[in-house]
Structure formats: C-alpha cells, structure tokens
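J.: Chains as they are written, first to last, in the working numbering: chain A, 17 to 363; chain B, 20 to 343; chain C, 20 to 506. By construction, the Cβ of each residue, glycine as well, lies at the ideal position given by its N, Cα and C atoms. Predicted model, so just to flag it, every value in this text is computed and none were measured.
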Amino acid sequence: MNTSRWFRWVWPAVPIAGALVVTSLLLFLFGAAPFEAFQAMYQGAFGDQSKTLSVLAFWVPLLLSSTGLLITFKAGLWNIGIEGQIVMGAVAASWVALNLEAPSAVLIPIEIVAAMLGGALWAALSAVLKTRGNIHEIFSGLALNSIAIILTNYLISGPWQPPEGGTFRGTAPFQPSALLPLFANSRFSPLSLILAVIAFILVVIALRGTFWGLKLKAIGVNLRSAFLLGVSSEREMILAMMFCGALAGLGGAVRTLSWFDSLRQSISGGIGFMALMVVMLANYRMFLVPPIALFFSAVLSGSITLQLRTQLHSSLGGILTELMVLFVLLFGDWAKLGIFRKKDDDG
Amino acid sequence: MDSSPIILTLASVVLVSTPLIIAVCGEILTERSGIVNLSLDGTMLMAAMTGFIVAFESDSVWIGFLAAMAIGAFFAFIVAFGSIRLRQSQFAIGFVLTLLGDDLSAFLGQNYTRIPGPVVKHYAIPILKDIPIIGPIFFNQNAVVYFAFILVAVTWFWLFRTQPGLRLRSAGDRPEAGFARGVGINFQRYLYTIIGGALVGIAGASYSLNIKIGWSEGITRGLGWIVLAIVIFGGWSPIRGMFGALLFGATKALATYLQRTFPEVSVVAFNAIPWVLMILVLLLVGSDFTERVIMIVPKSLQRPLQRMLRISPPQALGSTFVED
Amino acid sequence: MRIELRDIRKYFGPVKANDGINLVLEGGRIYGLLGENGAGKSTLMKILSGYQPPDTGEILFDDQIQHFSSPADALGKGIGMLYQDPLDVPAFSVNDNYLLGRDQRIVLDYKNASHELQEMTARFGFELDLQSRIENLSLGERQQLELARLLVGGAQVLILDEPTTGISAEQKEVLFGSMRKLAREEGKTLILVSHKLDEVQELCDEALVLQRGKLVGQTDIPCPNEKLVKMMFGQVPERSARPDFDLGEVVLELIDLRVPTYRLTIKDINLTIRQGEIFGFAGLEGSGQRLVLQACAGLLQPDHGKILLDGQDVSSWPYHRMQNAGVGYVADGRLEEGLVAGLTIEEHVELAKPKHSFFINRKVLFAITETKIEQFQIVGRPDSTADELSGGNQQRLLFALLRDNQKSILLENPTRGLDVRSSNWIWDQLNHRREGGTAILFMSSDLDEIFERSDRIAVFSGGNMSRVLETVNTSVEEIGHLIGGQA
Numbered sequence: 017m018n019t020s021r022w023f024r025w026v027w028p029a030v031p032i033a034g035a036l037v038v039t040s041l042l043l044f045l046f047g048a049a050p051f052e053a054f055q056a057m058y059q060g061a062f063g064d065q066s067k068t069l070s071v072l073a074f075w076v077p078l079l080l081s082s083t084g085l086l087i088t089f090k091a092g093l094w095n096i097g098i099e100g101q102i103v104m105g106a107v108a109a110s111w112v113a114l115n116l117e118a119p120s121a122v123l124i125p126i127e128i129v130a131a132m133l134g135g136a137l138w139a140a141l142s143a144v145l146k147t148r149g150n151i152h153e154i155f156s157g158l159a160l161n162s163i164a165i166i167l168t169n170y171l172i173s174g175p176w177q178p179p180e181g182g183t184f185r186g187t188a189p190f191q192p193s194a195l196l197p198l199f200a201n202s203r204f205s206p207l208s209l210i211l212a213v214i215a216f217i218l219v220v221i222a223l224r225g226t227f228w229g230l231k232l233k234a235i236g237v238n239l240r241s242a243f244l245l246g247v248s249s250e251r252e253m254i255l256a257m258m259f260c261g262a263l264a265g266l267g268g269a270v271r272t273l274s275w276f277d278s279l280r281q282s283i284s285g286g287i288g289f290m291a292l293m294v295v296m297l298a299n300y301r302m303f304l305v306p307p308i309a310l311f312f313s314a315v316l317s318g319s320i321t322l323q324l325r326t327q328l329h330s331s332l333g334g335i336l337t338e339l340m341v342l343f344v345l346l347f348g349d350w351a352k353l354g355i356f357r358k359k360d361d362d363g
Numbered sequence: 020m021d022s023s024p025i026i027l028t029l030a031s032v033v034l035v036s037t038p039l040i041i042a043v044c045g046e047i048l049t050e051r052s053g054i055v056n057l058s059l060d061g062t063m064l065m066a067a068m069t070g071f072i073v074a075f076e077s078d079s080v081w082i083g084f085l086a087a088m089a090i091g092a093f094f095a096f097i098v099a100f101g102s103i104r105l106r107q108s109q110f111a112i113g114f115v116l117t118l119l120g121d122d123l124s125a126f127l128g129q130n131y132t133r134i135p136g137p138v139v140k141h142y143a144i145p146i147l148k149d150i151p152i153i154g155p156i157f158f159n160q161n162a163v164v165y166f167a168f169i170l171v172a173v174t175w176f177w178l179f180r181t182q183p184g185l186r187l188r189s190a191g192d193r194p195e196a197g198f199a200r201g202v203g204i205n206f207q208r209y210l211y212t213i214i215g216g217a218l219v220g221i222a223g224a225s226y227s228l229n230i231k232i233g234w235s236e237g238i239t240r241g242l243g244w245i246v247l248a249i250v251i252f253g254g255w256s257p258i259r260g261m262f263g264a265l266l267f268g269a270t271k272a273l274a275t276y277l278q279r280t281f282p283e284v285s286v287v288a289f290n291a292i293p294w295v296l297m298i299l300v301l302l303l304v305g306s307d308f309t310e311r312v313i314m315i316v317p318k319s320l321q322r323p324l325q326r327m328l329r330i331s332p333p334q335a336l337g338s339t340f341v342e343d
Numbered sequence: 020m021r022i023e024l025r026d027i028r029k030y031f032g033p034v035k036a037n038d039g040i041n042l043v044l045e046g047g048r049i050y051g052l053l054g055e056n057g058a059g060k061s062t063l064m065k066i067l068s069g070y071q072p073p074d075t076g077e078i079l080f081d082d083q084i085q086h087f088s089s090p091a092d093a094l095g096k097g098i099g100m101l102y103q104d105p106l107d108v109p110a111f112s113v114n115d116n117y118l119l120g121r122d123q124r125i126v127l128d129y130k131n132a133s134h135e136l137q138e139m140t141a142r143f144g145f146e147l148d149l150q151s152r153i154e155n156l157s158l159g160e161r162q163q164l165e166l167a168r169l170l171v172g173g174a175q176v177l178i179l180d181e182p183t184t185g186i187s188a189e190q191k192e193v194l195f196g197s198m199r200k201l202a203r204e205e206g207k208t209l210i211l212v213s214h215k216l217d218e219v220q221e222l223c224d225e226a227l228v229l230q231r232g233k234l235v236g237q238t239d240i241p242c243p244n245e246k247l248v249k250m251m252f253g254q255v256p257e258r259s260a261r262p263d264f265d266l267g268e269v270v271l272e273l274i275d276l277r278v279p280t281y282r283l284t285i286k287d288i289n290l291t292i293r294q295g296e297i298f299g300f301a302g303l304e305g306s307g308q309r310l311v312l313q314a315c316a317g318l319l320q321p322d323h324g325k326i327l328l329d330g331q332d333v334s335s336w337p338y339h340r341m342q343n344a345g346v347g348y349v350a351d352g353r354l355e356e357g358l359v360a361g362l363t364i365e366e367h368v369e370l371a372k373p374k375h376s377f378f379i380n381r382k383v384l385f386a387i388t389e390t391k392i393e394q395f396q397i398v399g400r401p402d403s404t405a406d407e408l409s410g411g412n413q414q415r416l417l418f419a420l421l422r423d424n425q426k427s428i429l430l431e432n433p434t435r436g437l438d439v440r441s442s443n444w445i446w447d448q449l450n451h452r453r454e455g456g457t458a459i460l461f462m463s464s465d466l467d468e469i470f471e472r473s474d475r476i477a478v479f480s481g482g483n484m485s486r487v488l489e490t491v492n493t494s495v496e497e498i499g500h501l502i503g504g505q506a
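#1: For the segment 191–225 of chain B, which segments carrying the alpha helix (DSSP H) assignment without a break, of at least 4 residues, lie completely within its bounds, in sequence order?
#2: Ser89(C) versus chain B: which residues are under 7 Å apart at the beta carbon?
#3: Applying a beta-carbon distance threshold of less than 7 Å, which residues of chain B neighbour Ile106(C)?
#4: Roughly how far, in whole angstroms, is the beta-carbon of Arg11(C) from the beta-carbon of Glu489(C), given that I think they are within contact range, below 8 Å?
#5: Going along the segment 84–113 of chain B in order, which residues come within less than 7 Å of chain A, judged by CB to CB distance?
#6: Compare the beta carbon distance of Val55(B) and Leu336(B) with 8 Å and say whether it is the shorter of the two.
#7: Less than 8 Å between the CB atoms is what I'm expecting for Glu389(C) and Pro401(C), so what's the real figure, rounded?
#8: Any idea what DSSP makes of Trp177(B), helix, strand or coil?
#9: Per DSSP, Thr291(C) forms a beta bridge with which residues?
#10: When the Cα atoms are used, what is the spatial distance from Met57(A) to Gly45(B)?
#11: Give me whichever residues DSSP pairs with Ala136(A) in a beta bridge.
#12: Output yes if chain C places a C-beta closer than 8 Å to the C-beta of Arg240(A); else output no.
#13: Can the beta-carbon of Leu29(B) be found less than 8 Å from the beta-carbon of Leu342(A)?
#14: One question on the structure: do Gly236(C) and Val248(C) come within less than 8 Å of each other, judged by their Cβ atoms?
#15: Between which two residues does the beta strand (DSSP E) carrying Val34(C) extend?
#16: Distance cutoff 8 Å, beta carbons only. Does Ser331(B) sit that close to anything in chain C?
#17: Which same chain residues end up closer than 7 Å to Gly299(C) when comparing Cβ atoms and leaving out the 5 residues on each side of it in sequence?
#18: Just reading off the alpha helix (DSSP H) that Val213(A) is part of, what are its end residues?
#19: For chain B, is any of its Cβ atoms less than 8 Å away from the one on Ile27(C)?
#20: For Gly299(C), list the residues DSSP reports as bridge partners.
#21: Are the beta-carbon atoms belonging to Lys60(C) and Leu52(C) less than 8 Å from one another?
#22: Look at Leu160(A) and Leu137(A) and say whether their C-beta atoms are less than 8 Å apart.
#23: Can you check whether the C-beta of Phe259(A) is within less than 8 Å of a C-beta belonging to chain C?
#24: Hey, out of Arg28(C), His367(C), Phe378(C) and Gly411(C), whose CA is closest to Gly243(A)'s CA?
#25: Select from Leu296(B), Glu236(B) and Ser227(B) the residue whose C-alpha is nearest the C-alpha of Val138(B).
#26: Taking DSSP as the reference, what is the three-state secondary structure of Ile125(C)?
Quick look at the structure:
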C-alpha cells in the first residue's frame, strides 16, 4: 500500500522523462548531442537579458490565455476556439489603434477594453451555439478560429492594407501612442505582465472563493444535478466562455501592441492552442499554470537559438512540449493505467 | 476544346480536391464507427513528409504512399488506444497529435525541403478520356485521382450495402444494439479508426507526391481542419462529402480567378465558405428547426424531404462503450 | 425445449440481486414473471439471455449445461430477449436493422430480407411499413420487428420485458395473439416480465414471483389478484395509529393535466393537495407517477390542463421559478440527479442556499454546514465529498439542502435502499415539515411505505391515475386491483 502511494506520487515524472528521452533520440538521429542541444536551448532562453525579456514577452499572452482556459475547463467546456478569441481581441485592438487618435493614457485603456470585448463576444458566439444550437464547442470553436483568421487576412489585404500596397503580411505600423510601453530595447511590456498577474490572481480568487466559481465547478461535473440544485447552466456557461474570451482577447492585444506593432497574418502565433496544452499538462491545477506556461515560452524561445547554432529546425521545442503533454495525457494517470494492467492490480 | 481554360480549370479543381476526398472518406469511416479523430491536420502533414522522403529515397511513389498509410494508421491507433483502452479524452489526444504532427513533420523533413522528387505519373484512361467535357476533366488525370473516385463509391457501398458496413455503423449509432447482435464494438472502432487514418495518410502523401510536388514545412496546414468541416457538412456521407470537397476546390479556383480579374477586391472571404456551411449544417442537425419545416409540407413530400434534409450524426459519436 | 435454472446467484457488492433461484420452464407455456423493482427480475433475465454470467449456478437446456459468452451467443443457442427499449438502430432502415448481425455474407440481400420480413409479419398479423426508418416507427412497430428478428434468429425461448408499456391497444392485441400462437402452435417458451397483473392474468399459464432475489411464489393462472399482490409485497402491515392532522388551505391543484412523453402520456390528472397533507402515489415503476411529480416541479411541461400553486397558474413555470416559489423536488438518483460527485458537503450547502453573496464566507459556511451535519445526522465532515457518503447519508444531505418553509415537497422513492433507522428519520423530518404546513407528495414502489405514511393515495397504472383513496378506508386488495389496471 505504501509503495503504491509513493509510486503514484512519483509516477507523473515518468512520462515527462519519456518525452525527454524521445526528444533526445530525435537529436541523436540528426547527429546532435542532446545535452549540448538542451544547453543551447537554455542559453537561448535565459542566456542574456534580451533573451529573458523575450521569453517574458511571449509568456504574458500565453499566461493570459491559459488563465482564461482555467475558467472554461472548470465549467467542463473544451474551448478550442480560444485561438480565434485571441485573434478577435487583436483585431478589435487594431481597429482602435487605426481609427482613434489620442495620447497613450487614453488610447491604451480603450484598446484593452475593445480587445477584451472582441474576444468575449467571439467566445459568446461559441457558447450560444452550444446552449441554443446544440453544437459542440469544439466544432464551433474550430469554425470560428478559421473565420477569425480569414477575417484578419481580409482586413490586411483589403480595408486595412498599408498605403504602399498589400504585402499580405500585415497592416502598417500603428501610431506610437497606440503601442504598449516597452521595457528597454525589448518586446516585453511590463504593463502587460502586471495585467496578466492581476488576471491570474482574480481568476484564482473567483474559482476558489466565489459562489460563481462554485457554480462552474458544479456544472462542470454534473449538469443535471447542478440544475436541480438551482444553477442556471446556460447563463454560467456563456459567462465562463466570455470571461475566457476576454482574457484571450487581452492576450491578442498584447501580441499586436507589444510583440508586434501592427496586425499580422499569424497574430496569435499558436498561443491559444499552446495554452490548451499548458492547462492539460497542469492537469487543471491552477498554481502549476504560470510555471508551465513560462517553461513552454522558454523552450520555444530556446529552440530558436538552437536553430541558429546547430541548424536544427526550431520545431524541436514544440515537439518536446507536445510529447510531454501527450505522454502525460496517455500514461500520467496511474489509476487509469490500473485498468490497463488489471492483472497486476488484482494481485 | 480540350484545352479551353474552363475545362483546364475544372480539371485542376478535380485534381486539387482528390486528397480532400480521400481524407473525407477516411474520417467518415472513423466517425461512423463512433470515434472522432481530431488529429487530421497533423496526420496529413506527417504523411506528406513521410510519403515524400520514402518515395525520394526508394524512388518509388507507391512505397511512399505505403509509408504514408502506415504513419496515418499509427497516429490513428494512438487516438483509438488512448480513448478505448486508456479511457482518455479522444479530443485531447487528437488535439495534441495535431500539434505534434505539425512540428514533428517540420523537424524530420527539414533536410528534404524544396527538392524535386518522384511524382505520380499522368495516366489518361483510353476511350473514356475522349468523352467530350467529362473526359478531359475526370479521365485525363492520374491514378490517385481515379483512386479517390473509386474510393467514394466503395466507401458508400461498404457503408450502406454490406454486412460489415452495418456492423460499422451500428458501433457508431447504437453500440448496445450492435453488441446484442454479436458485433465487437471496440474492435470495429479500432479497425475503422486505423483504416481511416491510413486513408488520411494517402491523402497527405498525395499532396507531396501529386499536387504540390515535394515537401515543404506546413504544406497541408489547415486542410485537416477543412476535412473535419467537410465530413460534417457532408452529413457523414461519402457522396455528399465528395461534393463538399469539390465545392471547396471550386471556391478556391473561383477565388483565384476573381482575384486575378479584380485585383483591387479582396476575395479571401471565400475561404470562410466551408466553415459557414459547417455551422449551418450543425444547426440544422442540432435544433428542431428541420423537424418543424418538414411538418409543414404535405404528407407525401415529408419522407423525401426528410431524406434530403435530415442529417443525423452517428448518435454515439465520441462516447465510450463498455462491454458487459 | 425445457429450461432449468439451478441455484442462480448474482451479487452486486452487498446487494443480493439473485439469491439462489431454482426454476424449471417448459416449452409451450407462457410464464409471467412478477416482482417489485429491485426484486431481481431484470438480473435474472439478463443472466438467462447472455448479458451477464451468474456468480454461481447453472443453466440447462434439455439437461445440457449452457454457457453464454454474449447475447448473440445466447440467441444462437435459442434464447431471445425483447427489451422494453428495443435494441435496434434508430438511424437504420427496417431492412438494415433486420440484417445487422444476421447475415454472414458481405453484400446485403435486401430482396431476401424483405421477403422474410413480409412472411413473418403476415404470419403474425403485424402491420409494418418496411420502407421506413426505425426512428419513424412507433414503439409497438419496433417491438414487432425485434420479435421477427429474434424468431428468425432461432429463438426457442422469448423473454419480453414490459412489452405493453407505450404501445397501442391494437398492437397489444396483435402481440398477445402472436405470443399465444408461438406457445400453443410452435411449442416455444415465453416469459412475460410485467408489472401489469391483468395482462399476466389474461395471457399467462403460470406466474413466478420474485422478492429480494428469491423465488417466493409460483402459481397457476388464473388465480386471484390479491394472492399475487400478497406474494409480491409480502404481508402489508396495518396502518399505524397516527394523530390526525388538520388540513389547511389548498396548496397544489392539478386540473385535467396531460403530459406527453415518447413512451407514456399521462392524462386527465385531477388532484387537490392541502397544506399538511401527505399524498402517496402507488403503482408499479414507470406507470406515470414520476411524470406527474416532474410536471409539478416544472421539469416537464404539460400540453394541456393546469397546475395551480396557491391558486396561481404555474403550468408553464420552469423549474428554477418553481423552486423559488417554494416547491422542492428530491429525485431518485441521488448522485445523478441531486448531488454532484466531487463537491463537498459544504459546497452543496452553499449551492443550495436561496440567497448568496459574491464571495463565499468560508467561516460562516463551515459553521452552517456543521450545524446541518449535526441536525441532519450526516456521517461525514464538511469537506467530505458527496460520493464518499453512504446512500443513507446522501439522502440526509439532500434533505439538508431542501429550503425552509416549502409550500410543497415532491419526492421520488424517498427511502429506497435505506435501512429502517434512516427511513424513520426521513419520515420524522417530513412529518415535521407537514406540521409546518408543507404539502408532501411522494411516489414509492414500497407499498408498506405508502400505507404507513400517506393520508391519501392515488394509484397509477399505464399512465392513468385511479380515483383518490383515503388510506384509512382502503385495503391492500383494493390497491392490488388498481395496480393491476382494474378500476
């Protein structure tokens, strides 16, 4: 009994180690020494100040999106449409940046509110399609992701084309007062980090300490019982999606107003999907989310340096994180593996 | 006349649509058995990469296709094993595999990008190719294209006119009933998830070996999601799915044509068509709106109208089945 | 074929679903299998039809020991089961559904299938539209198709589980006709699992009665209904003397209520319930009692008639509005409908409060929960999750969650699965509520409970409600008649 409890506790390290082993094998296959490669990745992430700042700059929108997903997962919703919510946040912020002229102190709050609204409304669409149209949020989310990206492409190549002609890459750079103030010579905006930390703390408080969080927990486990206990599941589901969408939209604004300086074709950079993986790997434990998101950002930034040094494709970082999530998903739950090896357990 | 621009365009629409048709047939088989293989976008990239490299090294497109099928089947197997045996969410596994396939294909294929390689040979079917209009569009193509259309017919026949097809559909529609009649539900699900994955593998490889020729990173990115959309708005039927894929190819061609003719107008909005159709069909399926429309028309028209409008997804799609 | 069951036992944890059943069934006879919910009927039939193996015991066909690996295997050996909810595929055409799993050839032979089906339907006088899809058929038609499929599949023994619930009177006549034909002319063995005594009387040659996993009675039919009821329920105790209670104003009034569902439509329900009254719905499971309770709770919408609460028309009010208006509902499945697995007692208490502040005050909540735990004698801590509690404690928790000063409380099987102490405690609580003027409406499959606790009783049978009986003036015999569907 004692051994099994001990084993259960240590077990999740096994799939993580498995992912590292497989990634090392890939490196061997391409003639690189794994230890040096991982070292290069570390150097690439935290080697000097500008690199660390870049990791932070990538971390902020990822953290915002992951924080949002904590809400939807709590309510039992699979918000794969978060990618589109990030994009719509960026689009809304860009609209403000392109159409209003004002000093930063006025413009930036408007941009942020617009971005959060944009993401929230896009998420609400998914939620209403679920509660009223019976469409699973995965399918509506996929469709709305694509439609949001198509809309961006349309805007970039059409109405918001830069005056020198459409390059299909992005709009013209926004007015300087529309951009978030940056730290030193980096793409990291301290303001965005403050907002992300506040958002995370508020979400933790909301989920742990408020009646609303309790309602989400109830509908996430058992819709019918929650309903009979008096919870209006439709309202709470729509609200959960909208809060998540608002945070994702804020993430989109951070991308467009600090990481870039304009609306780009691939504005989200896959951050929404990555956030889904962060929360899956954290296994919905809230306090694991910021470190895992930071780890993901570091791995991705590091693998860019790896590519520069060793000519190995930068997708290696993605592979490492994805293998971790896959292995933890498949083999991380010792209890479910118990079903898988029934004979041992019975003995 | 054979070389009139319209005919040429239509022929290219057919060519470009074939991988989608093949993948749609594969995913229909999988979903009809009750499993959603969400990993298509990543699987297709892996298959396109594997297919090209193996074909390049072996100098045989067919060996390349075989390798692509194996990779597609393997990814599908992970989804089936994870959801049936390990009882994990098939959506989560498929989703992670999507991203993994994307990155892994970019990494493994990094030394083979943008180099010429073997290509599926053009083969016009004698006699049939001389039929006016239809001949040059459908029969002046290559083996992969013919395979796609034969596959549609075979898949349809298999699903709706054979005993194994009934067993497969019972697994996705009412597993309890199938089980009571001796159908091994989870065996069906493994089998058709893997077969479906192998077909998706062929679809992926037919990009790098037939349409875009060669491997480059993200060559099929986005198409896997489109296939999932087509499966839905094609109502889980291979024939409607085929038309869906052709429609998608045609809107692409039309968009290109319009862009060339009116360069000042942006036509990217055309790309949204499959997604809008998908939502509309899901709305039609999920709400009781259709039933109400059907109730209004005269009785004699109700049944044909119902056949036309009522699309029912496999009722047990995405659920697990525990055999007693 | 002669079937023999020897000492069949099947336990689910501490529950003895089948506890040593010995039985011999002869060919050419129709048996009626009777017993209350939980008596072990469905377990026994599942064992006989190959769905579950028994823990111990043997099944013999003509003195040959049989083992079934699956239902399909059992059918191959001659046992077919017709489920209450037919095991067909709604999306299939009639032919596809008929052919599924039947034919070993690859390509389907529709011509032959239609031919066989037509022959079969003609033989038994079934009227079926063979071009239709299963989902467009009525329940009765789906049943006929299943019957045809089982017979063509070689069934020598047919088990029919509640076949007459939800089918029309004509379909019932056709079904009974074909059952007689199968037994008398073809020598097949038929087992009718039923809740309706008059059907058993009408059709069967012999009745078998199960109670608590044991075969407690076996009698030739016809025999008086009273005898069957006694066998099913055991001795029903006299109503214990209870202080009579002065009834107050009318709380709930049902007028010509009709509630349609796919399987069963209840109609012409007229009922008046007063403050402080305890009203019991008797009847066998699935006869319509639950639908009435759900309609009163706002979970089902009537398509005709009215529900009045304190004289106000609330027919179209949704559940949450009814809840706020003072109508409490306690469903049968505790962890499915009522409690949320994984949530603690504390969290349940918070969720069920009528008024909430934005933040949860943990200290206050802890204190409230502790009082409730003590008051309702729940064995558990405030941070115990609902699924960790025993059945009795889950029920206590559900009672702890009911709001104060309810106008009416609706309960489904309030003491099912509870020991005597918990049951008595539950009823003490309810009696206490009624003294405060709450009207209590409950359904129970335990006739003892109905007699013991109710002031008045209505009996349901096939969606119809009997006349209202005063408990002091009625008898088990009368209830037996009404449960059997006789007026």
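T.: Taking the geometry as given:
#1: 194–199 and 204–225
#2: As a position in the third sequence, residue 89(C) is number 70, starting the count at 1. Gly201, listed in chain order.
#3: Start at 1 with the first residue of the third sequence, and residue 106(C) comes out as number 87. In the sequence as presented, Ile is not what sits at residue 106(C); that position holds Leu. Within 7 Å Cβ-Cβ: Glu195, Ala196 and Ala199.
#4: Shown here, chain C extends from 20 to 506; a query on residue 11(C) therefore has no answer.
#5: Gly101, Arg104, Leu105, Arg106, Gln107, Phe110, Ala111 and Ile112
#6: Here residue 55(B) is taken as the residue at index 36 of the second sequence, counted from 1. Here residue 336(B) is taken as the residue at index 317 of the second sequence, counted from 1. Yes, these two residues count as a Cβ contact at 8 Å.
#7: On the third sequence, position 370 is the one that residue 389(C) refers to. On the third sequence, position 382 is the one that residue 401(C) refers to. Correct: roughly 6 Å between the Cβ atoms.
#8: What you label residue 177(B) is simply residue 158 of the second sequence in a count that begins at 1. Residue state, collapsed to three classes: helix.
#9: For this step, residue 291(C) is matched to residue 272 along the third sequence. DSSP output for Thr291(C) lists Glu272(C) as bridge partner(s).
#10: In the first sequence, the residue the question calls residue 57(A) occupies position 41. In the second sequence, the residue the question calls residue 45(B) occupies position 26. When rounded, the distance between both Cα atoms is 39 Å.
#11: Working through the first sequence from its first residue, we reach residue 136(A) at position 120. In the DSSP output, where bridge partners are listed per residue, Ala136(A) has none listed.
#12: Position 224 of the first sequence holds residue 240(A). Closer than 8 Å: yes.
#13: As a position in the second sequence, residue 29(B) is number 10, starting the count at 1. As a position in the first sequence, residue 342(A) is number 326, starting the count at 1. No, these two residues do not count as a Cβ contact at 8 Å.
#14: As a working mapping, residue 236(C) is identified with position 217 in the third sequence. As a working mapping, residue 248(C) is identified with position 229 in the third sequence. No, these two residues do not count as a Cβ contact at 8 Å.
#15: Counting from one through the third sequence, the residue named residue 34(C) turns up at place 15. Looking at the DSSP string, the run of the beta strand (DSSP E) that includes Val34(C) is Val34 to Leu44.
#16: One-based indexing of the second sequence puts residue 331(B) at position 312. For Ser331(B), the answer is yes, since a Cβ of chain C falls inside 8 Å of its Cβ.
#17: By 1-based counting over the third sequence, the position of residue 299(C) is 280. Excluding sequence neighbours, Gly299(C) sits near Phe461, Ser463, Ile469, Arg472, Ser473 and Ile476.
#18: Counting from one through the first sequence, the residue named residue 213(A) turns up at place 197. From DSSP, the alpha helix (DSSP H) with Val213(A) extends over Pro206 to Gly225.
#19: Indexing the third sequence from 1 puts residue 27(C) at position 8. Answer no: the Cβ-Cβ gap between Ile27(C) and chain B never drops below 8 Å.
#20: Position 280 of the third sequence holds residue 299(C). Phe461(C) and Ile476(C).
#21: By one-based count along the third sequence, residue 60(C) stands at place 41. By one-based count along the third sequence, residue 52(C) stands at place 33. Going by C-beta atoms, Lys60(C) is nearer than 8 Å to Leu52(C).
#22: Position 144 of the first sequence, counted from the start, is the residue given in the question as residue 160(A). Position 121 of the first sequence, counted from the start, is the residue given in the question as residue 137(A). No. Outside cutoff.
#23: Counting from one through the first sequence, the residue named residue 259(A) turns up at place 243. No, Phe259(A) does not count as interfacial toward chain C.
#24: What you label residue 243(A) is simply residue 227 of the first sequence in a count that begins at 1. In the sequence on display, residue 243(A) carries Phe and not Gly. When each option's Cα is compared against that of Phe243(A), the closest is His367(C).
#25: Locating residue 138(B) in the second sequence gives position 119, counting from the first residue. Taking only the C-alpha atoms, the option nearest Val138(B) is Ser227(B).
#26: Here residue 125(C) refers to the residue found at position 106 when the third sequence is read from its first residue. Coil.
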